[in-house]
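Numbering (the numbering used here), first residue to last: 3 to 463. For reference, the structure discussed in these notes is given below.
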Amino acid sequence: MHEQNKMNRRDFLITAAVAAAGAKFALKSMPAIAQDKGERPAQTGDVTVLNPQNRVPVSLIIDDSTCLVNMAHFGIPQFAEVFPDSYKQDWKKLPREIPDAFVRKFGQWCREHKVKGKYTIVPYPALVGWLDRGLPGWSKNELEESIKLVREFMMPDWDIHPEMISHTRVIDIKTGRPYPEPSGRFMENWGWSQDKSADELADYMAYALRILKNIGLECEGITTPGGFGNQNRDNLAKATLESCRDVFKAEIPHYFRHLFTDDSSVTPRVEYASGLTGPNPKCVVSIIGCTGDWFGGWDGLNPGSVDKFITEDLKTGRLPQVIEKGEPAILVCHWPGIYFNGEEIGFNIFKEVVKRIHARYDNLLWMKQSEISRYWAAKELTQIEKQGTRITFNAPFATTRFTVQAKTGSSNVPKLVTNGQPVQLRKIKRLLQLETGTWHTDAKNITVCFDLPKGKSILGV
Numbered sequence: 003m004h005e006q007n008k009m010n011r012r013d014f015l016i017t018a019a020v021a022a023a024g025a026k027f028a029l030k031s032m033p034a035i036a037q038d039k040g041e042r043p044a045q046t047g048d049v050t051v052l053n054p055q056n057r058v059p060v061s062l063i064i065d066d067s068t069c070l071v072n073m074a075h076f077g078i079p080q081f082a083e084v085f086p087d088s089y090k091q092d093w094k095k096l097p098r099e100i101p102d103a104f105v106r107k108f109g110q111w112c113r114e115h116k117v118k119g120k121y122t123i124v125p126y127p128a129l130v131g132w133l134d135r136g137l138p139g140w141s142k143n144e145l146e147e148s149i150k151l152v153r154e155f156m157m158p159d160w161d162i163h164p165e166m167i168s169h170t171r172v173i174d175i176k177t178g179r180p181y182p183e184p185s186g187r188f189m190e191n192w193g194w195s196q197d198k199s200a201d202e203l204a205d206y207m208a209y210a211l212r213i214l215k216n217i218g219l220e221c222e223g224i225t226t227p228g229g230f231g232n233q234n235r236d237n238l239a240k241a242t243l244e245s246c247r248d249v250f251k252a253e254i255p256h257y258f259r260h261l262f263t264d265d266s267s268v269t270p271r272v273e274y275a276s277g278l279t280g281p282n283p284k285c286v287v288s289i290i291g292c293t294g295d296w297f298g299g300w301d302g303l304n305p306g307s308v309d310k311f312i313t314e315d316l317k318t319g320r321l322p323q324v325i326e327k328g329e330p331a332i333l334v335c336h337w338p339g340i341y342f343n344g345e346e347i348g349f350n351i352f353k354e355v356v357k358r359i360h361a362r363y364d365n366l367l368w369m370k371q372s373e374i375s376r377y378w379a380a381k382e383l384t385q386i387e388k389q390g391t392r393i394t395f396n397a398p399f400a401t402t403r404f405t406v407q408a409k410t411g412s413s414n415v416p417k418l419v420t421n422g423q424p425v426q427l428r429k430i431k432r433l434l435q436l437e438t439g440t441w442h443t444d445a446k447n448i449t450v451c452f453d454l455p456k457g458k459s460i461l462g463v
């Protein structure tokens, strides 16, 4: 449900809300993304920070997921109450539950194929019930087992995000009840968030985050439902930064608001960086998707197409466009469409997409959004100086698999010291063999991959 160059559900929802919410929220044009980057350190032009292990990050964003509840079944009638001319799906034919057996089946397949990403857990899904209190229609044991499955089985490979509180009605966080007016103004997808201050948005996000904290789920990021905050992007970014740090002490909060399927860059945006040389550095990272939901849609009604991602001959499609630019290829889907009413059509499309990209490329690296965010924060915010053959890194944030390339005519073994301790490096023959603690050289460049700690590191080349 995220922004792209063609009309999708997210743009449709925002546009439809114009008539209901009034001219105050009119969408004359999609505004440019111009959030403040904040501080940026000096980085010598003689050293280039490459992608981790010199590979292309790949990730899957799953929206509209939660424990047991099929958000399409329970959400569509609430959307239809606000926009009856736009939502005519027979939602009663959709299953009310997406079972844990499917969650485990999906998660196991992904683990076997090294797939990682983000998995939403809506904390008060479509007003059905509170995950930290009870879910009417399911027993206490069923809910506890579902939460346990997410916590113990999914979390190692998937970041957990709330998608605000209900993903349908706006909740009065003073009372815990939805606002009584069923209009676009008081739906999370539409008008309410567009004129709120950063503090007001942060309070709302923190409310959602605390529910997930109550059930033992760790969160470093936020996903926005529908058009949430789309006309209020500066405050959305600031609120993500503050709420994730407040509730979970997240060092590098991130959020998913945007996706582009045109020629726009989908490189993560590191925003509001501050205090980089002090004891409390801050930043927030905007994760950007590169595909539409071409699996099974947000409602599980319209099957998608593998070829939109990558064609059978492996030559064209959206993913080759992004991968060959070296930008993170972050796919976007919705959980009801992956399950697709028990037929698993979206899941089968996804399996074929993974098969094709692995057949076409040998330089991919599946990562969680938190891992991508951390890497990009370190990539952009580490001060890098070079004097002769000595390269100095002053990093406000640590990251693994930090990969740098420097011009050199020497074939000497590089010497690395991190936080005063020497680190042994192993030479490799091919760049594709890069991993932490290795280096490679050719006639012009030396490339080194190592775990970058917070603080000072010195590389002698």
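From the three backbone atoms N, C-alpha and C, an ideal C-beta is built for every residue, glycine too.
Strand pairing of residue i, partner residues [DSSP]
i: Tyr257; result: Ile224, Ser288
i: Trp132; result: Gly136
i: Trp368; result: Val60
i: Ala408; result: Val49, Ile448
i: Tyr121; result: Ile64, Ile162
i: Gln389; result: Arg392
i: Ile460; result: Thr394, Val419
i: Trp441; result: Lys429, Val450
9 Å Cβ cutoff met for residue i and residue j
i: His169; j: Glu190; result: yes
i: Arg271; j: Lys39; result: yes
i: Pro164; j: Thr225; result: yes
i: Ile325; j: Leu366; result: yes
i: Phe349; j: Phe76; result: no
i: Leu238; j: Arg259; result: yes
i: Leu261; j: Cys221; result: no
i: Ile123; j: Thr177; result: no
i: Ser195; j: Val287; result: no
Spatial distance of residue i from residue j (CA atoms)
i: Phe452; j: Leu461; result: 10 Å
i: Ala28; j: Ile332; result: Model confidence at Ala28 stands at a pLDDT of 30, short of 50, so the residue's coordinates are unreliable; what they give is reported in the following sentence. Those two C-alpha atoms are separated by around 30 Å.
i: Thr46; j: Tyr181; result: 53 Å
i: Lys458; j: Glu273; result: 23 Å
i: Val308; j: Pro424; result: 48 Å
i: Ile173; j: His336; result: 23 Å
i: Asp66; j: Glu346; result: 16 Å
i: Ile254; j: Cys285; result: 6 Å
i: Ser199; j: Gln233; result: 12 Å
i: Phe311; j: Asn414; result: 43 Å
i: Leu219; j: Lys388; result: 42 Å
i: Val463; j: Leu418; result: 9 Å
i: Ser372; j: Ile217; result: 20 Å
i: Ala275; j: Phe188; result: 32 Å
i: Ile351; j: Pro43; result: 43 Å
i: Lys370; j: Trp378; result: 13 Å
i: Trp140; j: Asp161; result: 25 Å
i: Ile359; j: Gly229; result: 31 Å
Assigned secondary structure, residue i (DSSP; H/G/I helix, E/B strand, else coil)
i: His336; result: strand
i: His75; result: helix
i: Ser148; result: helix
i: Asn396; result: strand
i: Arg42; result: coil
i: Glu382; result: helix
i: Gln80; result: helix
i: Leu278; result: coil
i: Asp161; result: strand
i: Ile173; result: strand
i: Pro488; result: Here the chain has residues from 3 to 463 only, and residue 488 is not among them.
i: Met189; result: strand
i: Arg428; result: strand
i: Trp194; result: helix
i: Gln435; result: helix
i: Arg403; result: strand
i: Ala25; result: Since pLDDT at Ala25 reaches only 28, below the 50 mark, its modelled position is unreliable, and no value is offered.
i: Glu373; result: helix
i: Val1; result: Residue 1 falls outside the range modelled here, since the chain spans only 3 to 463, and no answer is possible.
i: Arg179; result: strand
i: Pro33; result: Because the pLDDT of Pro33 is 41, which lies under 50, any placement of that residue in the model is unreliable, and the number read from its coordinates should be weighed accordingly. Of the three classes helix, strand and coil, the one that applies to Pro33 here is coil, per DSSP.
Cut-off 7 Å between Cβ atoms - residues of its own chain near residue i, not counting five sequence neighbours on either side
i: Gln91; result: Ile78, Asp301, Leu303
i: Asp248; result: Ala208
i: Lys116; result: Trp368
i: Phe155; result: Arg106, Gly109
Residues of its chain near residue i, where Cβ-Cβ distance is below 8 Å and the 5 sequence neighbours each way are ignored
i: Asn447; result: Gln407, Ala408, Lys409, Thr410
i: Pro101; result: Leu70
i: Pro322; result: Ile312, Leu316, Arg362
i: Glu147; result: Asp102
i: Pro33; result: Legend: pLDDT at Pro33 = 41, less than 50; position of this residue unreliable, no value from coordinates given.
Cβ shell of residue i (< 6 Å), same chain only, five flanking positions each side left out
i: Thr50; result: Gln407
i: Thr449; result: Gln407, His442
i: Thr394; result: Glu387, Ile460
i: Phe81; result: Tyr89
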